[in-house]
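Numbering follows our numbering, in which position 452 of the sequence shown is assigned residue number 452; successive positions increment by one, without gaps.
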Amino acid sequence: MSAREPLRDRWIRQIIAHHRAILVAAAVLTVLCGWLATQLRVDTDLRRLLPDGHRVLVGLEEIERTFGSTGSVNVVVKDGTAEARHALVETIARELEGHPLLRDVDERLPSDFFSEHALYYLSDAEMKQLEELVQDYTHYEFCTRAADNCLLAPDDRAPEALESFIERKRGEAHARTGFRELYEREGIPATIVLLHPIEPAASLDFSKKISEEMRAAIAEIFERPGQPWSDAGVHYNIVGPYTNKADEQRIIRSDMLRGGLIGLFGVIAIIYLLFRSWRAVLVLLLPLACGVVWSLGLTQVVLGRLNLMTSLISTVLMGMGIDAGIHFFSRAKIDRRKHDDAEAIRRAFHSLIIPLFVASGTTVSAFLVMSTSEFPAFREFGLISAWGVALCMLAMTTVLPALLYVVGIKRHEEPLPHREGAIMRKVLGHPGALFAGIVVVTVLSFQGVRRVGFEYNGRALQSDQTRRESEDDVRLISKVFGKDIHAGILVRNDLASTQTTLAVARQRHALREAAGDTAVASLFAAPDLLPAQDIDMAVRKQQIDALHEDNEDTFARLEAIAEGREPSSVPQTTKKPPPPSDDDDWDDFGDEGGGGSDEIDAPPEVSPVAPVPVETPDTRTPDAKTSDTKTSDAKTPDAKTPDAKTPAKADPKRLSREEAGQLVQMFRAQPFTIDDLPPVLLDKVRSKDGSYGIFAYPNFDAADMRRGVDFTNETSSYLDGEGIFVGETTVYASMFLMLREEAPIVVGMASVLVAAFVYWQLRSLGLTLLTLLPLGLALWWVVGLMGALGLRFTLFNLPIIPAILGIGVDNGVYLTDTIRRTHGELDSLSRALQETGGAILAATFTTVAGFAAFMAADNAGLRGIGSLASIGISLAAVSALVVLPTLWALGQRRRRRRAGTDR
């Protein structure tokens, strides 16, 4: 052979000469890659769409390392009676406590601790008010038992005032945890149980295991006969990141199988309709299978996983990988009319390899540009697609020719009828009308372009089944807790720095809140569980003990009430009771402002949780209130009260047993440190290594990416660059920000590279612009049609635009090459479209079939990919088949007219 034989001729000659060896090698490689492909796993964790080392990922990993799992398996018990719900919740909590897969079971917060230690949380003014209320109550009790020993009449409102104070303080104690007992909210028929696993939800295997075991255990409890919740109308659901991840993975596997079958059957149907031969179907599918399996094997070696976006990549590769084979087989069938199998294969290869290489090169280039992105949603899709198209092209230029040589190409004496040729012959006779139609469609698309938008709701990217089964209950949990529970978390090394950071954050949040420009509902950290920093607990203990000692007889009687004994059983001490709190006695008769015993200072206003009315025991007088029952019998000569008071009652009003017990516990409580907090609370705010968390709760759905960006920016402004609050909100926001930053760069680079490839083949700026113009119009039509149909760009489908560029330009490459060979004459152009148009449409339909398989997915994000890609690739083919020949025909007509004028 000549040393100057072109590479393409040497290539095909070697393929035909060693066809058996090539087929055996391809089979061995396919088996090996097939085994590797079976090891591929789909990771549906959205965090995998962020690059390794991203500050949000680093922050999440740090939190999981120190605090353990930040998510939970959330059990929502709803409907039925409160008693039935509580019985089910208590049983679930009791039986799952100590489960080997759970760190703890959290169905309530120990607000009793704060009730008992309420006196240590009082400000100095509140402590002074308590002293006065206790003195008034002591005076009231003493004087109602021994009226003759009192100079001043007792105030009938003293018990109610003390009781009200205790209830307010208890309400404030409950407000520190947000709940009085179980996780439930008045008016909402639901109770929540939070199960905290021992590992984070990032582990797919663990998420599946914990979901299965918790569902089985709770179902067994719920289905037990004869329980309080049986036939009581109670229902339950299990939601949260663990169950979401397990369910999404199961749904994605189902989508992969369904999508793969749809894509495969679609490709088979299109090939058969085009060639009307099962031999053609077999000959084209075998090399396609090789290319796809090689691609998946390489994916396992390089990446080791598929993410949510690439889960259906095999169907995409089927659609794109068959294109070169369809064009090659179509040309070989035409050449077979006049030549034998070997010569037909050589001629088809010789005439098509350059256009095939350029077409595949533009597609691969677009995907390679995507693979340079820092955003894994771009990068991994681009990498797998790039080597997938390249490996399918390799299979079509090695396995397909060898296989064709073995099975042979059926010879047809006459050309197969093609309607495309007849249609295009008529169409090209009226290029002016076609051009006008193109202009009208382009102008009308403007209305749709104006309406198209971006889907900011991350939950709209989940599977329909997941949303259907969990979304309502996720919202219900937020209602019960009064906020979205997916907080952004910031870690600080010690309590002092936590207090400093929290104070600054609260000040800045207050300013934003006052301006009505905040995305943060509230901030919470360990200091919120402790008394104010200016309270010295040792000094406060001394004040408490002194007050107890001054009112020893009163507290003895309160202890009797709390224990269910009669106060009269308590022996009377000889200690005189303290005077009333307003000091309205004989030695200040001339003081200004007397008579103050009838006025009680209003307590500080606090009320995250409304106080619950407490029933009084039967011994209390129900209607004994003020001056309605007053007389002058007990009035002393020196008494300054303007209204007469009643004599002492034999059975005075008293605190209820519950309130008496609460007050006794308050005075018995000892000083404490943060280490004395209940473990279930302490573990929420302090990690195992002693670091502390600050929690910022969003005032919106955490899946709202646009608001998530506001949340991230606002919480970052609290910190002056010292760390970042991380959580579900910041994951969504970070993905959106990366997409917004990377998308214009990737699309721009892909456009430039595609244009460079086209120019390299055509070596003409005019022909390059002519080839690219239909693609540009197609993209405009795509956006217009999306707006008209109400479709939106999403995190998932926006990265497909570079793919549409790379795939869509292939049609122009084939057509321009064909038009150039026919010199643009009408008859020659029609015959060329007769040869090429069918192959272009078939290749387009197979590619669309691969992407359209996404539309059968249950996952809305994947369906969005299928919708955009199918519309984009279809319109790119239509635009190329209509716009490019129309413009060429108009140019030819103008040149002919000019030539006639010149003559």
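Even glycine gets a Cβ: it sits at the ideal position worked out from N, Cα and C.
Identify the continuous alpha helix (DSSP H) that holds residue i and give its terminal residues.
{"i": "Y759", "result": "E728 to L762"}
{"i": "R8", "result": "L7 to A17"}
{"i": "P431", "result": "P431 to R451"}
{"i": "F695", "result": "No alpha helix (DSSP H) holds F695; the beta strand (DSSP E) holding it covers Y692 to P698."}
{"i": "N713", "result": "M705 to S717"}
{"i": "T299", "result": "W278 to V302"}
{"i": "H350", "result": "D341 to S371"}
{"i": "H327", "result": "D323 to D335"}
{"i": "P197", "result": "Premise fails: P197 lies in the beta strand (DSSP E), A190 to P197, not in any alpha helix (DSSP H)."}
{"i": "V406", "result": "P376 to V407"}
{"i": "R468", "result": "D464 to F481"}
{"i": "Q249", "result": "P241 to F275"}
{"i": "R657", "result": "R657 to R668"}
{"i": "A217", "result": "L204 to F222"}
{"i": "D683", "result": "P679 to V685"}
{"i": "A778", "result": "L765 to L789"}
{"i": "T673", "result": "First-last for T673: undefined, no H or E at that position."}
{"i": "E722", "result": "Note, E722: premise wrong, no alpha helix (DSSP H); not H, not E."}
{"i": "A60", "result": "The residue you asked about is not Ala; residue 60 is Leu in the sequence shown. Segment R55 to F67, the alpha helix (DSSP H) holding L60."}
Thinking residue i and residue j are a contact (beta carbons under 8 Å), I'd like their distance in whole angstroms, please.
{"i": "V452", "j": "G727", "result": "That belief does not hold up - the Cβ atoms of V452 and G727 are roughly 30 Å apart, past 8 Å."}
{"i": "I22", "j": "A402", "result": "5 Å"}
{"i": "I262", "j": "A853", "result": "4 Å"}
{"i": "F113", "j": "S687", "result": "Contact flag wrong, Cβ pair sits at about 21 Å."}
{"i": "V685", "j": "L529", "result": "7 Å"}
{"i": "G808", "j": "A839", "result": "At roughly 16 Å, the Cβ-Cβ gap does not stay under 8 Å, so G808 and A839 are not in contact."}
{"i": "Y140", "j": "P197", "result": "No, Y140 and P197 are not in contact; Cβ-Cβ is about 54 Å, not under 8 Å."}
{"i": "I188", "j": "V474", "result": "Wrong, their Cβ atoms sit about 14 Å apart, outside the cutoff."}
Drop a sphere of 10 angstroms on the beta-carbon of residue i, count the other beta-carbons inside from all chains shown, and report buried for 16 or more, exposed for fewer.
{"i": "H19", "result": "buried"}
{"i": "R10", "result": "exposed"}
{"i": "E566", "result": "exposed"}
{"i": "V439", "result": "exposed"}
{"i": "K949", "result": "Residue 949 cannot be examined here, being either before or after the span of the chain that is shown, 1 to 903."}
{"i": "P571", "result": "exposed"}
{"i": "F265", "result": "exposed"}
{"i": "Y272", "result": "exposed"}
{"i": "P6", "result": "exposed"}
{"i": "P622", "result": "The predicted model places P622 with a pLDDT of 35, which falls under 50 and marks its position as unreliable, so this point remains unresolved."}
{"i": "L32", "result": "exposed"}
{"i": "A889", "result": "buried"}
{"i": "N149", "result": "exposed"}
{"i": "L805", "result": "buried"}
If you draw a straight line from the alpha carbon of residue i to that of residue j, how long is it in whole angstroms?
{"i": "R349", "j": "T771", "result": "The amino acid occupying residue 349 in the given sequence is Phe; Arg does not appear at that position. Spanning the two alpha carbons is a distance of roughly 23 Å."}
{"i": "E90", "j": "E131", "result": "40 Å"}
{"i": "F446", "j": "G776", "result": "14 Å"}
{"i": "R895", "j": "F736", "result": "51 Å"}
{"i": "A118", "j": "F142", "result": "26 Å"}
{"i": "L444", "j": "G891", "result": "25 Å"}
{"i": "M318", "j": "A289", "result": "8 Å"}
{"i": "L296", "j": "A202", "result": "24 Å"}
{"i": "L96", "j": "I238", "result": "14 Å"}
{"i": "D704", "j": "A217", "result": "34 Å"}
{"i": "G784", "j": "G721", "result": "42 Å"}
{"i": "I477", "j": "D550", "result": "48 Å"}
{"i": "L434", "j": "L887", "result": "9 Å"}
{"i": "F183", "j": "S751", "result": "A quick correction: the sequence has Tyr, not Phe, at residue 183. Taking the straight line from one Cα to the other gives about 55 Å."}
{"i": "T30", "j": "N493", "result": "54 Å"}
{"i": "F165", "j": "G171", "result": "10 Å"}
{"i": "A190", "j": "K78", "result": "4 Å"}
{"i": "E220", "j": "E469", "result": "20 Å"}
{"i": "I16", "j": "D323", "result": "22 Å"}
For the beta strand (DSSP E) that residue i lies in, which residues bound it at each end?
{"i": "V234", "result": "Looking at the DSSP string, V234 is not in any beta strand (DSSP E), and its letter there is neither H nor E."}
Can you give, in chain order, each stretch of the beta strand (DSSP E) that sits fully within the region 488 to 562 and has at least 3 residues?
Positions of the beta strand (DSSP E) runs, each at least 3 residues long and wholly inside the region 488 to 562, are given as 488 to 492 and 520 to 525 in order along the chain.
Alpha helix (DSSP H) runs contained entirely in the region 75 to 123, provided each spans 4 or more residues
If we require 4 residues or more, the alpha helix (DSSP H) runs fully inside the region 75 to 123 come out as 82 to 96 and 112 to 116.
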